[in-house]
Amino acid sequence: MNKTRQITEAGLFAALIAIMIVGAYYVPIIGGVLAFLLPVPVIVLTMKNKPLYVFVAGVIASLISGAIISIINGLTLGGLALIIGLPMGLAIKNRKSNLMTLFIGTVSAAIGLFIIFTLLEFVFGVSFISVIEDSFRVSMDLQASIGTAASDLDVDKTATLDELQKAMDQVLYITQLVMPAMMIAMAMLYSAINLLFSHQVLKRMKIDHIPLGTFDTFRYPKHLAYGSMGMLLLAYIISYLGYVDSVLLMSNLKYLFVTVFSVQGYALFYAFFKKRTGKSMSIILLVLLTLFGFTQLLVFLAFLGFFDVMMDLRRLDIKIKKD
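Given below as structure tokens:
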């Protein structure tokens with residue numbers, strides 16, 4: 056591909072990214088989807104072009120969209136797309152495994168989200184944690200006003216409201232406690248969705264890449280399970296010696312453990328029901344499990360996924376050898 060064609064292509068993708076950023080800001084509902092998928096065109100452009108042109112295209116798209124909406128929003132959305140899309144695109148281009156690409160995307164997304172939240176706090180003086188606290192306080196104030204109205208009607212709601220407020224205080228405490236792990240989980244989900252959609256686009260455009268496998272054959276490498284056990288053991292030792300807050304450290308590691316290994320638990324569940332009910336019904340069951348599943352079930356799936364990593368419950372290694 057000659058230089059002129061590369062520059063022209065980068066310009067077209069810059070326009071596409073700018074349109075997506077503006078749409079993400081102005082269009083209801085669909086705008087949220089566009090904001091979530093902003094790294095996809097960056098990934099595709101990286102597969103077809105030089106990293107320098109990709110970077111310039113991302114900066115130009117941020118400035119153009121910033122002139123239309125606001126410079127802060129334009130730079131925020133464009134910067135996040137570039138921080139996530141460029142490393143993931145390079146990983147796919149260099150034929151890294153999909154799991155490694157997901158890891159690179161997760162790290163990039165975590166760094167990008169941290170930078171954005173830090174900049175927003177610096178510019179506006181409002182932190183992400185304070186926004187969560189304010190939303191909980193609004194809910195508590197609303198419940199208090201309901202309680203006042205109920206007392207005026209001679210309805211005894213005091214005990215119920217006290218219990219509700221204690222529960223909301225507990226939820227807020229837990230949310231603040233596991234916020235670092237939640238950020239990593241959010242970054243992982245963001246990267247996974249963009250990886251999935253970018254593969255669909257690359258497939259349609261017939262760009263060479265390592266294809267994604269089916270979900271029923273998804274699995275982590277065994278060293279991830281060994282590493283998780285080592286991290287939990289190391290965290291226990293460090294917290295026991297009193298170097299860090301034991302509750303904070305263990306809560307975040309447990310949250311990450313459940314988040315990561317529950318994905319393989321879902322894959323094992325999907326493979327089990329796919330053989331017995333077919334693909335369509337197993338997908339429906341998977342969606343219902345996701346929508347109506349409770350915390351204990353998610354923990355169960357995480358341990359199921361962990362043991363699948365360790366012991367290969369689906370016998371995938373045997374199937375690979377036969378093939």
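Numbering (our numbering), first residue to last: 56 to 378.
Cβ coordinates follow ideal geometry from the N, Cα and C atoms, glycine included.
Next item on the list: Find out if the Cβ-Cβ distance for the pair residue 101, residue 147 is shorter than 9 Å.
Entry: yes
Note to self: For residue 152 and residue 304, I'd like the C-alpha separation in whole angstroms.
What the structure shows: 30 Å
Checklist line | Stretch pair the region 274-286 + the region 328-341: three plus CB contacts closer than 8 Å | finding: no
Notebook entry, point to check: Taking just the CA atoms, how far does residue 177 sit from residue 269?
Noted result: 43 Å
Checklist line | Contacts around residue 323, its chain only, beta-carbon distance under 7 Å, and the 5 residues preceding and following it disregarded | finding: 359, 360, 363, 368, 369
Next item on the list: Along the alpha helix (DSSP H) that carries residue 368, what are the first and last residues, could you check?
Entry: Run containing residue 368: none; DSSP gives neither H nor E here.
Check: Around the C-beta of residue 318, are 16 or more other C-beta atoms found within 10 angstroms, so that it is buried, or is it exposed?
Finding: buried
Item checked: Neighbour-count burial assignment, residue 254, 16 or more Cβ in a 10 Å radius -> buried
Check: Could you give the residue range of the alpha helix (DSSP H) that holds residue 113?
Finding: 106-123
Margin query: Among the candidates 327, 366, 343, 316, whose CA atom is the shortest distance from the CA of residue 356?
Written below: 316
Note to self: Looking only at its chain, what residues have a beta carbon closer than 6 Å to the beta carbon of residue 73, apart from the 5 residues adjacent to it on each side?
What the structure shows: 116, 119, 120
Item checked: Selection from 258, 141, 371 that minimises the alpha carbon distance to residue 167 -> 141
Notebook entry, point to check: Expressed to the nearest angstrom, what Euclidean distance is found between the alpha-carbon atoms of residue 67 and residue 105?
Noted result: 14 Å
Note to self: Pop quiz: residue 108 and residue 76 are said to be a contact at Cβ under 8 Å. What is the actual Cβ separation, rounded to whole angstroms?
What the structure shows: That pair is no contact at about 19 Å.
Next item on the list: Please confirm if the region 154-173 is in contact with the region 243-253, defined as three or more CB-CB distances below 8 Å between the two stretches.
Entry: yes
Next item on the list: Could you spell out where the alpha helix (DSSP H) holding residue 148 opens and where it closes?
Entry: 126-148
Next item on the list: Please confirm whether residue 275 and residue 89 have their CB atoms less than 9 Å apart.
Entry: no
Next item on the list: Using 10 angstroms around the beta-carbon of residue 96, count the other beta-carbons present and answer buried if the total reaches 16, otherwise exposed.
Entry: buried
Note to self: Can you tell me whether residue 208 is helix, strand or coil according to DSSP?
What the structure shows: Because the pLDDT at residue 208 is just 49, under 50, the model does not fix this residue reliably, and the point stays unresolved.
Note to self: Can you check which of these residues, 122, 156, 126, 87, is closest to residue 266 by C-alpha distance?
What the structure shows: 156
Notebook entry, point to check: Is residue 260 helix, strand or coil when you go by DSSP?
Noted result: coil
Next item on the list: Assuming residue 325 and residue 337 form a contact by the criterion Cβ under 8 Å, report the distance between their Cβ atoms to the nearest whole angstrom.
Entry: 5 Å
Check: In this structure, does DSSP put residue 171 in helix, strand or coil?
Finding: helix
Notebook entry, point to check: Which residues in the same chain as residue 58 place their Cβ atom closer than 7 Å to its Cβ, once the five residues preceding and following it in sequence are excluded?
Noted result: none
Checklist line | Other residues of its chain near residue 110: CB distance less than 8 Å, five sequence neighbours each side excluded | finding: 137, 141
Check: Anyone know if the C-beta pair for residue 160 and residue 134 falls short of 9 Å?
Finding: no
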